[in-house]
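Just below is one structure, and these are the notes that go with it.
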Amino acid sequence: MDIKGSVALVTGANRGLGRALAEHLLNHDVARLYVAARRPESLDGLVARDSRVVPVPLDLTDPAQIERAAVTAADTTLLINNGGSLAFADPLAGDLAAIELDLRTNFFGTLAMVRAFTPVLERNGGGAIVNLLSLVVFGSVPAMGGYSASKAAAASATQALRAQLASRGITVHGVFPGAVDTDMIRAFPIPKTSPTDVAAAVLAGVEAGTENIFPDPMAEQGYRSWRTDPSAFERSMAAM
Ligand SMILES: NC(=O)c1ccc[n+]([C@@H]2O[C@H](COP(=O)([O-])OP(=O)(O)OC[C@H]3O[C@@H](n4cnc5c(N)ncnc54)[C@H](OP(=O)(O)O)[C@@H]3O)[C@@H](O)[C@H]2O)c1
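Residue numbers (the numbering used here): 1 to 240.
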């Protein structure tokens, strides 16, 4: 897909990777950029900066807001499902409500966005959907086992949607980052890639038509390890 001239929508655009994606999209000459966030006031810096930027109030757990966003952003051709939550809750003893919230946000929220925006993209002649998944899809990290499951569910849906939407002129991309230097894993003292570098790699992958994007060195290395020895990779992720 040619990003230049497209109309993009990014969820969770107020901070972290979403913010970096929004900034890169502006530099890629998008025609319009919808920046979606739970708290629209957290988008002020972006909105004031460029007349192409349009704020959209959006909580991924609120189906009515998602439907309204699809009406507001009716000219979208590139949907980036970036917003996500991470609860440090393990499957055995972790807080079930926290695990459920990760599923509602990362799986059901992403799915609801795709369902609401597919007719929009179709009406606009096709386009692309980008789902932010994670390397934990290939090997669960027990301390965030609920989150890992939510991303694995979203990855599975990404495959199904790719098959369903190909004939409608919509490409579906899965992104599997390793550790990115944002608030989400601020407490983890491991090497991380900057959100700016990850955002650049994501958009390069979309432009190249890459279905599964591994946008940083940890992701590339992890995917190579998984292909070589899935069980060894599973054990290494479980030990994190
Ligand atoms: N950081 C990593 O190492 C890493 C690795 C692999 C994948 N990812 C994925 O990359 C994406 C971006 O993560 P990040 O690192 O930028 O995390 P982040 O800094 O924690 O930002 C998360 C973003 O998602 C938004 N969000 C959370 N729950 C939401 C909801 N219910 N409705 C709408 N927006 C919601 C947040 O909005 P508020 O400001 O309102 O909270 C924020 O904008 C996520 O899908 C994450 O799972 C991250």
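Using N, Cα and C, we set each Cβ at its ideal position, and we do this for glycine too.
Residue i: first and last residue of the uninterrupted alpha helix (DSSP H) it sits in
i: residue 45; result: 44 to 49
i: residue 127; result: Per DSSP, residue 127 belongs to no alpha helix (DSSP H); it is in the beta strand (DSSP E), 127 to 132.
i: residue 146; result: 145 to 165
i: residue 66; result: 63 to 72
i: residue 235; result: 230 to 238
Three-state secondary structure assigned by DSSP to residue i
i: residue 28; result: coil
i: residue 8; result: strand
i: residue 213; result: strand
i: residue 191; result: coil
i: residue 106; result: helix
i: residue 13; result: coil
i: residue 55; result: strand
i: residue 114; result: helix
i: residue 60; result: coil
i: residue 22; result: helix
i: residue 136; result: helix
i: residue 36; result: strand
i: residue 141; result: coil
Own chain residues within Cβ distance below 7 angstroms of residue i, not counting five before or after
i: residue 84; result: 12, 105, 106 and 132
i: residue 148; result: 136, 140 and 141
i: residue 196; result: 20
i: residue 77; result: 6, 7, 121, 124 and 127
i: residue 72; result: 56
i: residue 65; result: 57, 58 and 59
i: residue 190; result: 179
i: residue 188; result: 179
Rounded distance between the beta-carbons of residue j and residue i, thought under 8 angstroms
i: residue 138; j: residue 205; result: Between residue 205 and residue 138 the Cβ distance is about 17 angstroms, and since that is not below 8 angstroms, they are no contact.
i: residue 37; j: residue 58; result: 7 angstroms
i: residue 79; j: residue 130; result: 7 angstroms
i: residue 202; j: residue 193; result: Incorrect: roughly 11 angstroms between the Cβ atoms, too far for contact.
i: residue 2; j: residue 207; result: 7 angstroms
i: residue 117; j: residue 70; result: 6 angstroms
i: residue 157; j: residue 111; result: 6 angstroms
i: residue 82; j: residue 198; result: Between residue 198 and residue 82 the Cβ distance is about 11 angstroms, and since that is not below 8 angstroms, they are no contact.
Residue interval of the beta strand (DSSP E) (run including residue i)
i: residue 174; result: 170 to 175
i: residue 40; result: Counting along the chain, residue 40 falls outside any beta strand (DSSP E), and DSSP gives it neither H nor E.
i: residue 79; result: 78 to 81
Interface flag, residue i vs chain B, CB-CB below 7 angstroms
i: residue 7; result: The displayed structure is made up of one protein chain only, and chain B is not part of it.
Close beta carbons around residue i, own chain, < 8 angstroms, minus the five adjacent residues each side
i: residue 238; result: 139, 140, 141 and 142
i: residue 211; result: 162, 171, 172, 173 and 174
i: residue 94; result: 87, 88, 145 and 146
i: residue 50; result: 26 and 33
i: residue 15; result: 42, 182 and 183
Distance cut-off 6 angstroms: residue i Cβ against heavy atoms of ligand 3
i: residue 105; result: Absence of ligand 3 is noted for the structure shown, with ligand 1 being the only ligands found.
Cut-off 6 angstroms between Cβ atoms - residues of its own chain near residue i, not counting five sequence neighbours on either side
i: residue 214; result: 176, 220 and 223
i: residue 103; result: 150
i: residue 31; result: 5 and 7
i: residue 54; result: 34
i: residue 25; result: 8 and 33
i: residue 18; result: 10, 12 and 82
i: residue 233; result: 139, 225 and 226
i: residue 29; result: 4
i: residue 240; result: 141
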